[in-house]
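Visitor: Take a look at this one; I'll ask things after.
2 protein chains.
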Amino acid sequence: MDAIAAIRSFNRFYAGRIGALEEHFLGQARPLGEARLLFEIGEAGASISELRARLALDSGYLSRLLRRLEEDGLVATEPDPNDGRRRFAVLTHRGVEEWDTLDRLSNHQIEAIVKPLGERRSAELADALSRAHHLVAAASITLEVVDAREPDAQAAMSAYFAELDTLFPTGFDPGDALTADVHAYDPPTGAFVVAYTNDRRAAGCGALLTMESSVGEIKRMWVAPEWRGVGLAGRILEDLESRSRSAGHSRTVLDTNAALHDAIAMYERAGYRPIERYNDNPYAQRWFEKRW
Amino acid sequence: MDAIAAIRSFNRFYAGRIGALEEHFLGQARPLGEARLLFEIGEAGASISELRARLALDSGYLSRLLRRLEEDGLVATEPDPNDGRRRFAVLTHRGVEEWDTLDRLSNHQIEAIVKPLGERRSAELADALSRAHHLVAAASITLEVVDAREPDAQAAMSAYFAELDTLFPTGFDPGDALTADVHAYDPPTGAFVVAYTNDRRAAGCGALLTMESSVGEIKRMWVAPEWRGVGLAGRILEDLESRSRSAGHSRTVLDTNAALHDAIAMYERAGYRPIERYNDNPYAQRWFEKRW
DNA sequence: ACAGATAGCTGACCCAGGTCAGCTATCGTG
DNA sequence: CACGATAGCTGACCTGGGTCAGCTATCTGT
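If you read the sequences in order, they're chains Z and F. Numbering follows the working numbering, with no gaps: position 168 of the first sequence is 168. Count along the second sequence starting at 1, add 292, and that's the number in the working numbering.
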């Protein structure tokens, strides 16, 4: 794979250049671990357990780091009023000062690297890195089966319906779709899949239900606008199809609105073929199936 | 700066995702330092001093790492036949095997990250990273004054002349340009500047000489094809101008061939204005000056 | 009210990574 | 041939990062 070689060469180069640089300068004022922790606490503060999760640190190790920052007068901890076991860490005035210093230094560091490029090329660099960032983030989206009544699932479906409402000439009325209908997506005969980003935000969803014993129906296929064009819909569809196969279906069907051109094109690319109307969905003008 | 924010956000994300990943997996078989060293020795082998320079390691530390790899039967060292003080490290058969394993693992690791993207998006990612790589590499090019008789300078000029030869309708005959003429570039009245990449390869050059006591002349402005379009010529020109100012000149002049459209455009952007012919260079059709 | 779970802390310990001074063998130069 | 410089090695030492077991205080569910 050429892509892999490119990524690896980038890694080696970039790690040595920028990564090490940042580490080195962060580590000169105080040990890296402490600096990172200081950064992570930030001006908003954070609960200890949150920090432990975000930095993936051992609880003992984190305790010690915190105590050192406390001794240096950069951080103060206070018990959580709602739960006496938990504690909350905030930056002191001096902590904020050091945070600012680190932040400023970090900016200068990057600026120094980028300065020779001039404004136009810097913008190009930023653009290339943003694209790479977005693509890697997209690649690390994972699909999980959740209960369709859960907040994440409900939010995803709501976003989907809101979008349909603006897209369809007649608008869209979800009716019971968020509540009564969702039992059809319960395993083992159905599934509601949410696509989660690295930071646990829903990037899309899709649902499967069993129409007849040998027929699965795909519904609620949706991808958040910021994650379109990275093949996520295809991944969700594939996931639902494999669940359909596991459920013993011999084919999946789906309906869609003529206004959803991209979706239709995607279904066709995925091997779906037009069939006759199989339901009385007032918003559907096209029906598809895929056999295996 | 928006660019800086983008780069920092990328750094944080990327370091946590790919960087840490690579480190972690490299470090599981054997300590990271050893793994890196193994990688760096490579199938071609390397001299100890080379390794020390490339990995920026303390000589004692490197010695110890090497000895551990030797004990594990992965590396063998042999004295340099030409210089009894120096030693050369090569991978043994088992060393090559482990190298291959690490290499393969590294590929799989990246492949796993990239796989969900599909081929087209992977290629896009690779493209974005290559562009970023190239831009950062361009930004870290440094300018150094060298003796024009040195190999690097000679090579850069030769490449320049070879290019002129293909570009000019009449071809180009350098005459004494590589030898007798270069004394004009000797400091303090002149300067020959070579642009070095991170890995000490010449990416371009430029020269300054003193025509009259108050007039500097810019010559031998050249940028290697792979480094064009990143503002390097502008940097070299600026550097030479500042040297000209320091030398007490009140203006710089230069000549160029009408075929070199990009160069002419660059000179104009940099503030150069057309003047009358000031020399009898048979290859020049345009003459410029810049005053300050 | 009590058992078990949870959050955070402490002590003990380990290892990789890194630095420094000093040693030996060899080389290049006058 | 003697001198200083250079390449590499060894010993001694330090620090940061990290793990593990066990402790205490608190919370939650029954």
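The C-beta atom is built at its ideal place from N, Cα and C for all residues, glycine as well.
So, under 8 Å CB-CB, G118 of chain Z and G523 of chain F are touching, yes? Tell me the CB distance rounded to an integer number of Å.
Guide: Taking C-beta atoms under 8 Å as the contact rule, G118 of chain Z and G523 of chain F qualify, at a distance of about 5 Å.
Visitor: Put V114 of chain Z into one of helix, strand or coil per three-state DSSP.
Guide: Helix at V114 of chain Z.
Visitor: Sort Z:S106, Z:R286, Z:R8, Z:T256 by Cα distance to Q418 of chain F and report the nearest one.
Guide: According to the sequence shown, residue 418 of chain F is Ala rather than Gln. Ranking Z:S106, Z:R286, Z:R8, Z:T256 by Cα distance to A418 of chain F puts Z:R8 first.
Visitor: Output the distance between the C-alpha atoms of R220 of chain Z and K290 of chain Z, rounded to the nearest integer angstrom.
Guide: 17 Å
Visitor: Assuming N573 of chain F and D554 of chain F form a contact by the criterion Cβ under 8 Å, report the distance between their Cβ atoms to the nearest whole angstrom.
Guide: No, N573 of chain F and D554 of chain F are not in contact; Cβ-Cβ is about 19 Å, not under 8 Å.
Visitor: So, does the CB of A525 of chain F fall closer than 9 Å to a CB anywhere in chain Z?
Guide: no
Visitor: Give the range of the alpha helix (DSSP H) segment to which D176 of chain Z is assigned.
Guide: Run containing D176 of chain Z: none; DSSP gives neither H nor E here.
Visitor: When we look at the beta-carbon of E268 of chain Z and count the other beta-carbons within 10 Å, is it buried (16 or more) or exposed?
Guide: exposed
Visitor: On the DSSP bridge list, what partners appear for G73 of chain Z?
Guide: Note: G73 of chain Z sits in no beta bridge, so no partner.
Visitor: Count the other C-beta atoms from every protein chain shown that fall within 10 angstroms of the C-beta of H249 of chain Z, then say buried if there are 16 or more, exposed otherwise.
Guide: buried
Visitor: Pick helix, strand or coil for S63 of chain Z, following the three-state DSSP scheme.
Guide: helix
Visitor: Considering only C-alpha positions, which residue in the set F:V406, F:S536, F:T393, F:A440 is nearest to A487 of chain F?
Guide: It is F:A440 whose Cα lies nearest to the Cα of A487 of chain F.
Visitor: Alpha carbon to alpha carbon, how far is A159 of chain Z from D395 of chain F? Give it in angstroms, no decimals.
Guide: 44 Å
Visitor: Identify the contact partners of S122 of chain Z in chain F, using a Cβ-Cβ distance below 7 Å as the criterion.
Guide: A295
Visitor: If you measure from the beta carbon of Y488 of chain F to each beta carbon in chain Z, is any gap under 9 Å?
Guide: no
Visitor: Would you call N257 of chain Z buried or exposed, if buried means 16 or more other Cβ atoms sit within 10 Å of its Cβ?
Guide: Buried.
Visitor: Is there a C-beta anywhere in chain F that falls below 9 Å from the one on E111 of chain Z?
Guide: yes
Visitor: Tell me which same chain residues have a C-beta within less than 8 Å of the C-beta of L62 of chain Z, skipping the five on either side of it?
Guide: L37, I48, L51, R52, L55
Visitor: At a cut of 8 Å, does the region 415-430 of chain F reach the region 469-476 of chain F through at least three beta carbon pairs?
Guide: no
Visitor: Is the region 60-77 of chain Z touching the region 38-47 of chain Z, taking contact as three or more C-beta pairs under 8 Å?
Guide: yes
Visitor: Under DSSP, the alpha helix (DSSP H) around T384 of chain F begins and ends at which residues?
Guide: It is not in any alpha helix (DSSP H) - T384 of chain F carries neither H nor E in the DSSP assignment.
Visitor: Counting along the chain, where does the alpha helix (DSSP H) carrying A555 of chain F start and finish?
Guide: For A555 of chain F, the enclosing alpha helix (DSSP H) has its first and last residue at 553-561.
Visitor: Do you know offhand how far A265 of chain Z's Cα is from F453 of chain F's?
Guide: Between the C-alpha atoms of A265 of chain Z and F453 of chain F there is a straight-line separation of about 54 Å.
Visitor: Got a sec, what are the start and stop residues for the alpha helix (DSSP H) I41 of chain Z sits in?
Guide: From DSSP, the alpha helix (DSSP H) with I41 of chain Z extends over 32-41.
Visitor: If you run the structure through DSSP and keep just helix, strand and coil, what is D491 of chain F?
Guide: coil
Visitor: Name the DSSP bridge partner or partners of V438 of chain F?
Guide: F:F484
Visitor: Chain F partners of R243 of chain Z, CB-CB under 7 Å?
Guide: Simply none; closest approach about 17 Å.
Visitor: Would you list the one or two residues that DSSP bridges to T502 of chain F?
Guide: F:G508
Visitor: Distance check for P188 of chain Z and D392 of chain F, CA to CA, integer angstroms please.
Guide: 44 Å
Visitor: Classify P443 of chain F as helix, strand or coil using the three-state DSSP reduction.
Guide: helix
Visitor: Could you pull the start and end residues of the alpha helix (DSSP H) that F580 of chain F belongs to?
Guide: F580 of chain F -> not in any alpha helix (DSSP H); beta strand (DSSP E) instead, spanning 578-583.
Visitor: How would you write the range of the alpha helix (DSSP H) that R52 of chain Z sits in, first residue to last?
Guide: Counting along the chain, the alpha helix (DSSP H) containing R52 of chain Z begins and ends at 48-55.
Visitor: In the structure shown, what three-state DSSP assignment does G234 of chain Z receive?
Guide: helix
Visitor: For D255 of chain Z, report the span of its beta strand (DSSP E) as first-last.
Guide: 251-256
Visitor: At 9 Å on the CB atoms, spell out the chain F contacts of N107 of chain Z, in chain order.
Guide: M293, I296, A297, R300
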